[in-house]
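S.K.: So the protein lines, in turn, are chains A, B and C.
Counting from 315, one number per residue, gives the positions in the first sequence under the working numbering.
Counting from 10, one number per residue, gives the positions in the second sequence under the working numbering.
Counting from 3, one number per residue, gives the positions in the third sequence under the working numbering.
The beta-carbon is built from N, C-alpha and C at its ideal position, and this holds for glycine as well.
One structure, pasted below without further comment.
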Amino acid sequence: MAKEYSLKNIKIDHEYDVHQELALPPVNEFKRFAKVFFRRPIVGVGFAIVVLLLIAGIFADQIAPHDPYLINLFNTFDAPSARYPLGTDAIGRCLLSRIIHGTRLALLTGVSTVFISATIGITIGLVAGFGGRVAQEVVMRLTDAWISIPAIIIMMLLGAVLGRGIGGMTIAIGVTMFPAYIRLVFGQVLTVKQNDYIMASMAMGDSKVRIVLRHVLPNCLAPIIVVMTMMMGGAVMAEAGLSFIGLGMDPPTPAWGTMTNDGRQWLASYPHLSLAPGAAIVLLVFGFNMVGDGIRDALDPKMRGTLN
Amino acid sequence: MEKLLDVKGLSTEFRTERGIVKAVNNVSYHVGKGEILGIVGESGSGKSVSQLSLMQLVPNPPGKVVAGTAAFDGVNLLKFGRKSREMCAIRGREVSMIFQEPMTSLNPAMNIGNQMSEVLMTHLGIEKADALERSADMLAQVGIADSKKRLADYPHQFSGGMRQRVMIAMAMLCTPKLIIADEATTALDATIQAQLLELLYSIVSEHGVALTMVTHNLGVVARYAQRVNVMYAGRIVETGMVKDIWASPLHPYTEGLISCVPKLDEKLEAIPGMPPTLINRPPTCPFLARCKYRQKSCFDDPAAELTFVDDVHATSCNVMLKEAGLL
Amino acid sequence: MSGNIENLAAPAATAAGKNNIVKVDNLKMHFPLRRGLLQRTIGYVKAVDDVSFHIRSGETFGVVGESGCGKTTLGRCLLRMYEPSSGTINFNGIDITNESYKNLRPIRKDMAIIFQDPYSSLDPRMSSGSCVGEPLIIHKMTKGRAEYKERVHELFNICGLNPDMTDRYPHEFSGGQRQRLSIARALAGDPLLIVCDEPISALDVSMQAQILNLLQDLQAKNSKMSYLFISHDLLAVQFISHRIAVMYLGRIVETAPSREIFSKTLHPYTQALLSAQPMPDPVAEETRQRIILEGDIPTPINPPPGCSFHTRCPKATSACSESIPPLRDVGGEHYVACHLV
Numbered sequence: 315m316a317k318e319y320s321l322k323n324i325k326i327d328h329e330y331d332v333h334q335e336l337a338l339p340p341v342n343e344f345k346r347f348a349k350v351f352f353r354r355p356i357v358g359v360g361f362a363i364v365v366l367l368l369i370a371g372i373f374a375d376q377i378a379p380h381d382p383y384l385i386n387l388f389n390t391f392d393a394p395s396a397r398y399p400l401g402t403d404a405i406g407r408c409l410l411s412r413i414i415h416g417t418r419l420a421l422l423t424g425v426s427t428v429f430i431s432a433t434i435g436i437t438i439g440l441v442a443g444f445g446g447r448v449a450q451e452v453v454m455r456l457t458d459a460w461i462s463i464p465a466i467i468i469m470m471l472l473g474a475v476l477g478r479g480i481g482g483m484t485i486a487i488g489v490t491m492f493p494a495y496i497r498l499v500f501g502q503v504l505t506v507k508q509n510d511y512i513m514a515s516m517a518m519g520d521s522k523v524r525i526v527l528r529h530v531l532p533n534c535l536a537p538i539i540v541v542m543t544m545m546m547g548g549a550v551m552a553e554a555g556l557s558f559i560g561l562g563m564d565p566p567t568p569a570w571g572t573m574t575n576d577g578r579q580w581l582a583s584y585p586h587l588s589l590a591p592g593a594a595i596v597l598l599v600f601g602f603n604m605v606g607d608g609i610r611d612a613l614d615p616k617m618r619g620t621l622n
Numbered sequence: 010m011e012k013l014l015d016v017k018g019l020s021t022e023f024r025t026e027r028g029i030v031k032a033v034n035n036v037s038y039h040v041g042k043g044e045i046l047g048i049v050g051e052s053g054s055g056k057s058v059s060q061l062s063l064m065q066l067v068p069n070p071p072g073k074v075v076a077g078t079a080a081f082d083g084v085n086l087l088k089f090g091r092k093s094r095e096m097c098a099i100r101g102r103e104v105s106m107i108f109q110e111p112m113t114s115l116n117p118a119m120n121i122g123n124q125m126s127e128v129l130m131t132h133l134g135i136e137k138a139d140a141l142e143r144s145a146d147m148l149a150q151v152g153i154a155d156s157k158k159r160l161a162d163y164p165h166q167f168s169g170g171m172r173q174r175v176m177i178a179m180a181m182l183c184t185p186k187l188i189i190a191d192e193a194t195t196a197l198d199a200t201i202q203a204q205l206l207e208l209l210y211s212i213v214s215e216h217g218v219a220l221t222m223v224t225h226n227l228g229v230v231a232r233y234a235q236r237v238n239v240m241y242a243g244r245i246v247e248t249g250m251v252k253d254i255w256a257s258p259l260h261p262y263t264e265g266l267i268s269c270v271p272k273l274d275e276k277l278e279a280i281p282g283m284p285p286t287l288i289n290r291p292p293t294c295p296f297l298a299r300c301k302y303r304q305k306s307c308f309d310d311p312a313a314e315l316t317f318v319d320d321v322h323a324t325s326c327n328v329m330l331k332e333a334g335l336l
Numbered sequence: 003m004s005g006n007i008e009n010l011a012a013p014a015a016t017a018a019g020k021n022n023i024v025k026v027d028n029l030k031m032h033f034p035l036r037r038g039l040l041q042r043t044i045g046y047v048k049a050v051d052d053v054s055f056h057i058r059s060g061e062t063f064g065v066v067g068e069s070g071c072g073k074t075t076l077g078r079c080l081l082r083m084y085e086p087s088s089g090t091i092n093f094n095g096i097d098i099t100n101e102s103y104k105n106l107r108p109i110r111k112d113m114a115i116i117f118q119d120p121y122s123s124l125d126p127r128m129s130s131g132s133c134v135g136e137p138l139i140i141h142k143m144t145k146g147r148a149e150y151k152e153r154v155h156e157l158f159n160i161c162g163l164n165p166d167m168t169d170r171y172p173h174e175f176s177g178g179q180r181q182r183l184s185i186a187r188a189l190a191g192d193p194l195l196i197v198c199d200e201p202i203s204a205l206d207v208s209m210q211a212q213i214l215n216l217l218q219d220l221q222a223k224n225s226k227m228s229y230l231f232i233s234h235d236l237l238a239v240q241f242i243s244h245r246i247a248v249m250y251l252g253r254i255v256e257t258a259p260s261r262e263i264f265s266k267t268l269h270p271y272t273q274a275l276l277s278a279q280p281m282p283d284p285v286a287e288e289t290r291q292r293i294i295l296e297g298d299i300p301t302p303i304n305p306p307p308g309c310s311f312h313t314r315c316p317k318a319t320s321a322c323s324e325s326i327p328p329l330r331d332v333g334g335e336h337y338v339a340c341h342l343v
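This is how it looks when you write it as structure tokens:
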């Protein structure tokens with residue numbers, strides 16, 4: 315019978331008394347991120363493209379075989395050769411060198427427009443999301459109205475007013491793109507606000523500004539980073555579009571959009587004059603989109619396995 | 010008692026980033042015909058996964074049943090494919106499951122009548138009109154008023170408690186031999202939970218259906234179950250008649266579990282520490298780090314198999330088994 | 003704060019002579035229900051409806067009830083997370099009912115909250131040490147980095163956590179440990195009141211016992227700290243509370259010293275709730291009769307007229323649907339709101 319046995323008969327040996335077990339072993343967040351990020355080969359390709367473009371942009375002066383502004387009227391429309399890997403354009407400038415230097419401009423416009431639009435959008439989004447019901451309604455309806463106006467019209471208008479050149483163009487593109495951030499941040503804030511730690515901070519008597527900056531913003535950041543990366547591609551596209559319709563950079567500057575437009579006249583006989591800078595645009599947009607995709611996967615809590 | 014379900018050496022593993030999780034580790038038990046068996050344990054003890062494994066419902070990947078047999082009425086369930094016709098015929102017809110969250114088992118875009126009659130039509134091959142009538146009867150049996158009219162309602166039109174009643178009705182539709190209730194009432198309020206448990210209890214006793222109650226609530230087991238399996242870290246650490254185990258638990262974890270439920274006018278004795286991770290466990294007893302009865306030998310010896318000290322009462326405590334001269 | 007030290011150090015059982023840390027009178031919290039384009043108010047959710055109670059210094063006041071009974075709203079009203087519809091809330095001698103967020107900030111040092119969900123109550127982007135130390139920074143309670151660190155270590159130790167883990171992030175802790183972190187954070191401000199909103203419901207049984215014991219030990223060490231302990235688990239509430247209030251649809255239906263709620267249960271709802279709780283004792287369960295209530299809990303949007311429990315009450319008479327029974331004193335700090343008692 316079971317009655318004979320009992321734990322009560324067992325002498326407790328205090329030498330082997332219980333101890334508290336420690337927490338879960340630490341996890342290398344960076345390793346985990348990298349593992350998920352590079353899980354899809356195509357993301358790796360995109361990442362490589364972005365890295366190459368960054369190198370090309372930063373070290374353009376060292377990498378480019380020729381001066382991108384150097385006109386050589388004896389060498390117009392040269393076919394690709396060892397001296398001119400992508401040939402020359404209508405006034406004999408090295409196409410490859412111009413594309414390499416164009417990278418710098420493309421990345422610069424991309425980064426600055428994303429910076430401008432993100433700053434405006436995130437600020438308004440945070441205020442709207444953490445503000446009262448009235449603030450939310452007003453901001454969201456104004457955003458809806460803004461989005462309903464075609465982006466290209468706003469860009470052309472601002473482009474015309476602010477004039478040609480990198481400053482005007484960046485502002486024009488940045489201002490068109492910020493509503494996307496408002497919506498994103500607004501939605502994120504509403505989700506993050508539901509978390510108990512926000513209420514805990516309020517119950518502790520934290521100031522609202524500190525709550526927003528210390529708790530709300532950091533927890534909204536992941537999807538914002540994804541969108542910022544993807545928007546890099548969009549900004550470069552917009553820049554190319556503006557240049558293409560003649561609202562972008564002034565002629566001698568090597569801008570991919572302008573180059574694509576210039577090459578159009580000789581599309582039938584020398585298609586590479588348009589196709590090469592066009593391909594550069596495609597590569598950059600593709601690269602940044604893939605990197606954005608990878609970051610999104612890596613930040614997805616569902617991919618976190620046992621962590622969450 | 011005649012064995013309805015006889016599980017032997019069941020093991021289930023999950024692949025994760027950190028390594029292989031042995032969620033269910035060499036589990037053997039049986040359920041008699043018409044018997045009510047409780048399975049208690051905390052989260053991660055493998056109580057739910059062991060039941061999902063039997064029904065071949067463990068998501069694969071990452072999960073996989075790696076060993077064991079589960080003879081149901083003499084037929085090994087684990088030899089069939091996950092999506093085989095045999096397995097589909099058993100699920101819902103011979104064995105029904107009731108889960109904690111009814112909304113995950115009910116189709117939100119289909120009315121209750123269609124969902125219920127579909128079960129009858131596929132399993133028993135009866136006509137739609139008959140199936141609807143039987144569904145309405147079943148709903149009435151689980152205490153849903155106006156059952157004929159409510160057949161046309163969609164799941165969201167029912168309250169949480171009512172939805173769980175619908176789940177019980179669906180589980181009983183084909184009069185199965187075994188119902189597995191996996192934390193079926195955990196999410197409900199106390200008074201609603203009491204309604205549902207009494208209902209489930211009376212309905213299975215009336216039809217002689219065996220019931221496996223998976224729960225973390227010792228009170229539920231104490232009231233309704235005849236026998237209980239106590240699970241810890243993927244293993245059954247003790248099994249026996251509920252009354253015997255309460256009177257004299259033979260595993261330190263069981264003892265701790267019973268004493269850490271707040272009772273009237275009694276000091277609370279908590280189990281220190283926390284449950285172990287199930288990855289790369291050493292072969293020693295998984296409860297070792299939290300056990301107050303542990304001896305020097307526990308640090309060296311591998312964890313004992315679940316060993317019977319009499320006909321129904323078994324423990325896997327090394328110290329206890331040594332004391333009883335069984336190890 | 004008044005009250006002398008000898009009094010505060012007295013054991014909880016003699017709490018009767020102490021000062022009230024919280025005094026709530028006729029508190030109502032009605033949330034407007036808005037619909038349509040113009041967000042017109044079409045009704046009110048009467049989450050808390052005419053509730054009065056007090057909590058003494060060093061006392062644990064338990065609030066028990068099922069979902070939708072308003073227990074969580076009540077706790078949050080007390081911390082002024084919401085703007086009450088009417089009534090008054092007095093905290094530590096100050097009327098905080100209509101105080102602005104800004105004016106409340108210094109008062110909040112003396113109150114804290116522990117939540118149910120250990121996963122959403124800690125900011126995942128902050129290290130566990132920073133989470134715990136937040137109140138210290140908000141209320142500028144420590145001077146310099148060293149003192150801050152020392153205090154955080156101390157809080158970790160008090161709550162049974164390893165102080166070497168202050169740099170770890172919350173997701174590296176288990177549910178029970180995260181609840182300990184929440185408790186450590188709540189203690190950082192050295193509060194007079196901690197609202198414990200279902201602090202053990204999301205935890206495993208063995209962890210529940212640890213947390214209950216921890217809360218009790220902390221109160222034993224600091225006898226001027228009060229808890230408002232909210233739970234649906236009667237056994238846990240009676241274990242930790244000195245007095246208990248039972249809520250149903252926004253109202254307190256019965257309140258009494260913890261022991262008396264079990265030994266002298268008066269309200270039919272309390273009786274049903276008690277009987278619905280499965281007791282972990284197979285021998286007692288064999289003979290125990292259960293009162294099984296009919297039907298579902300009504301919504302607090304349009305609660306039944308009269309006594310809101312009359313739709314499910316096994317003893318209801320016609321009088322019950324006509325007028326709302328007031329909380330009546332039946333002696334010995336026992337109050338009950340039932341026409342039949």
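Whole angstroms is fine: what's the gap from Ala118/B's alpha carbon to Ala98/B's?
M.R.: What you label residue 118/B is simply residue 109 of the second sequence in a count that begins at 1. What you label residue 98/B is simply residue 89 of the second sequence in a count that begins at 1. Those two C-alpha atoms are separated by around 24 Å.
S.K.: Quick one: what's got a C-beta closer than 7 Å to Met542/A's C-beta in the same chain, skipping five residues either side?
M.R.: Along the first sequence, read from residue 1 onward, the residue named residue 542/A stands at position 228. Within the same chain, Met542/A has close Cβ partners Val428, Ala432.
S.K.: Check this for me: beta carbons of Pro327/C and Ala318/C, under 7 Å apart or not?
M.R.: Locating residue 327/C in the third sequence gives position 325, counting from the first residue. Locating residue 318/C in the third sequence gives position 316, counting from the first residue. Not in contact: Pro327/C and Ala318/C (Cβ atoms no closer than 7 Å).
S.K.: Could you tell me which chain C residues have their CB closer than 8 Å to the CB of Asp198/B, listed as they occur along the chain?
M.R.: Residue numbering aside, residue 198/B sits at position 189 when the second sequence is read from its first letter. By Cβ distance, chain C contributes Glu68, Ser69, His234, Ile299.
S.K.: Using a cut-off of 7 Å between C-beta atoms, extract the partners of Pro532/A located in chain C.
M.R.: Here the question's residue 532/A lines up with position 218 in the first sequence. Those within 7 Å of Pro532/A in chain C are Arg127.
S.K.: Pull out every residue of the segment 99-112 of chain C whose Cβ sits closer than 9 Å to any Cβ of chain A, in chain order.
M.R.: So the list reads Tyr103, Lys104, Leu106, Arg107, Pro108, Ile109, Arg110, Lys111, given in the order they occur along the chain.
S.K.: Quick one: grab the DSSP three-state call for Ile91/C.
M.R.: Taking the first residue of the third sequence as position 1, residue 91/C is located at position 89. Three-state result, Ile91/C: strand.
S.K.: Should Ile430/A and Ala370/A be called a contact, given that it needs their Cβ atoms to be closer than 7 Å?
M.R.: Numbered from 1 along the first sequence, position 116 holds the residue referred to as residue 430/A. Numbered from 1 along the first sequence, position 56 holds the residue referred to as residue 370/A. Not in contact: Ile430/A and Ala370/A (Cβ atoms no closer than 7 Å).
S.K.: Give me the chain C residues within the contact set of Ala203/B, using Cβ-Cβ distance strictly less than 7 Å, ordered along the chain.
M.R.: For this step, residue 203/B is matched to residue 194 along the second sequence. Residues of chain C passing the Cβ test: Ala278, Arg292, Ile294.
S.K.: Kindly list, in the order they appear in chain B, the residues whose Cβ is closer than 7 Å to that of Phe241/C.
M.R.: Translated into the one-based positions of the third sequence, residue 241/C becomes position 239. Ordered by position in chain B, the residues that pass the 7 Å Cβ test against Phe241/C are Pro271, Leu277.
S.K.: If you drop the 5 nearest sequence neighbours on each side, which residues of the same chain put their C-beta closer than 6 Å to that of Ile135/B?
M.R.: Here residue 135/B refers to the residue found at position 126 when the second sequence is read from its first residue. Cβ within range, chain order: Leu129.
S.K.: Pro27/B by DSSP, collapsed to three states: which one?
M.R.: Walking along the second sequence from the start, residue 27/B turns up at place 18. At residue 27/B the sequence reads Arg, which differs from the Pro that was named. Coil.
S.K.: If you measure from the beta carbon of Ala231/B to each beta carbon in chain C, is any gap under 7 Å?
M.R.: As a first step, residue 231/B must be located in the second sequence, where it is residue number 222. For Ala231/B, the answer is yes, since a Cβ of chain C falls inside 7 Å of its Cβ.
S.K.: For Asn238/B and Ala256/B, what's the separation of their Cα atoms in angstroms?
M.R.: The residue you call residue 238/B lines up with position 229 of the second sequence. The residue you call residue 256/B lines up with position 247 of the second sequence. Looking at the two C-alpha atoms, the distance is approximately 15 Å.
S.K.: If the cut-off is 8 Å on Cβ atoms, which residues from the segment 286-312 of chain B count as contacting chain A, listed in chain order?
M.R.: The residues in question are Thr286, Ala298, Arg299, Cys300, Lys301, Tyr302, Arg303, Gln304, Lys305, Cys307, Phe308.
S.K.: Would you call the segment 373-390 of chain A and the segment 398-413 of chain A in contact, with 3 or more CB pairs under 8 Å?
M.R.: Yes, since at least three Cβ pairs between the segment 373-390 of chain A and the segment 398-413 of chain A fall closer than 8 Å, the two stretches touch.
S.K.: With 9 Å as the limit, tell me which residues of the segment 542-576 of chain A have their beta carbon closer than that to any beta carbon of chain B; keep them in chain order.
M.R.: From the segment 542-576 of chain A, no residue has a Cβ closer than 9 Å to chain B.
S.K.: Determine the contact status of Ala247/C and His336/C, defining contact as a CB-CB distance below 7 Å.
M.R.: The residue given as residue 247/C occupies position 245 in the third sequence. The residue given as residue 336/C occupies position 334 in the third sequence. Cβ atoms of Ala247/C and His336/C: not closer than 7 Å.
S.K.: Could you name the residues of the segment 505-521 of chain A whose beta carbon sits closer than 9 Å to any beta carbon of chain C, in the order they occur along the chain?
M.R.: Hits within the stretch, in order: Gln508, Asn509, Asp510, Tyr511, Ile512, Met513, Ala514, Ser515, Met516, Ala517, Met518, Gly519, Asp520, Ser521.
S.K.: Glu2/C versus chain A: which residues are under 8 Å apart at the beta carbon?
M.R.: No statement about residue 2/C is possible, as the shown extent of chain C runs from 3 to 343 and does not include it.
S.K.: Identify every residue that forms a DSSP beta bridge with Tyr250/C.
M.R.: Numbered from 1 along the third sequence, position 248 holds the residue referred to as residue 250/C. According to DSSP, Tyr250/C bridges with Arg253/C.
S.K.: Quick check on Leu46/B: does DSSP put it in helix, strand or coil?
M.R.: Reading the second sequence from its first residue, position 37 is the one you call residue 46/B. Looking at Leu46/B - three-state DSSP - the assignment turns out to be strand.
S.K.: Could you spell out where the alpha helix (DSSP H) holding Pro34/C opens and where it closes?
M.R.: Here residue 34/C refers to the residue found at position 32 when the third sequence is read from its first residue. Pro34/C -> not in any alpha helix (DSSP H); beta strand (DSSP E) instead, spanning 22-37.
S.K.: Just the C-alpha distance for Pro71/B and Thr25/B, rounded to the nearest angstrom, thanks.
M.R.: For this step, residue 71/B is matched to residue 62 along the second sequence. For this step, residue 25/B is matched to residue 16 along the second sequence. So the alpha carbons of these two residues sit roughly 7 Å apart.
S.K.: Is the Cβ-Cβ distance between Asp331/C and Ala204/C less than 7 Å?
M.R.: As a first step, residue 331/C is located in the third sequence; it is residue number 329 there, counting from the start. As a first step, residue 204/C is located in the third sequence; it is residue number 202 there, counting from the start. No, they are not a contact pair.
S.K.: Do Gly424/A and Val550/A have their beta-carbon atoms positioned less than 7 Å apart in this structure?
M.R.: Taking the first residue of the first sequence as 1, we reach residue 550/A at position 236. Taking the first residue of the first sequence as 1, we reach residue 424/A at position 110. The answer is yes: Cβ separation under 7 Å.
S.K.: Going by CA-CA distance only, name the one from Glu275/B, Leu220/B, Asn327/B that's closest to Gly41/B.
M.R.: Taking the second sequence and counting its residues from 1, the one referred to as residue 41/B is at position 32. Per the Cα distances, Leu220/B.
S.K.: How would you label Phe344/A, buried or exposed, when you count the other beta carbons within 10 angstroms and need 16 or more for buried?
M.R.: Within the first sequence, numbered from 1, the residue matching residue 344/A stands at position 30. Exposed, by the Cβ-count rule.
S.K.: On a CA-only basis, which of Pro566/A, Phe600/A, Ala593/A is nearest Gly383/A? Give me that one, please.
M.R.: In the first sequence, residue 383/A corresponds to position 69, counting from 1. With the sequence shown as reference, residue 383/A is identified as Tyr, and Gly is not the correct amino acid for it. Selected option, being the one with the closest Cα: Pro566/A.
S.K.: Residues of chain B with CB closer than 8 Å to the CB of Asn215/C, please, in chain order.
M.R.: Numbered from its first residue, the third sequence carries residue 215/C at position 213. By Cβ distance, chain B contributes Leu277, Ala279.
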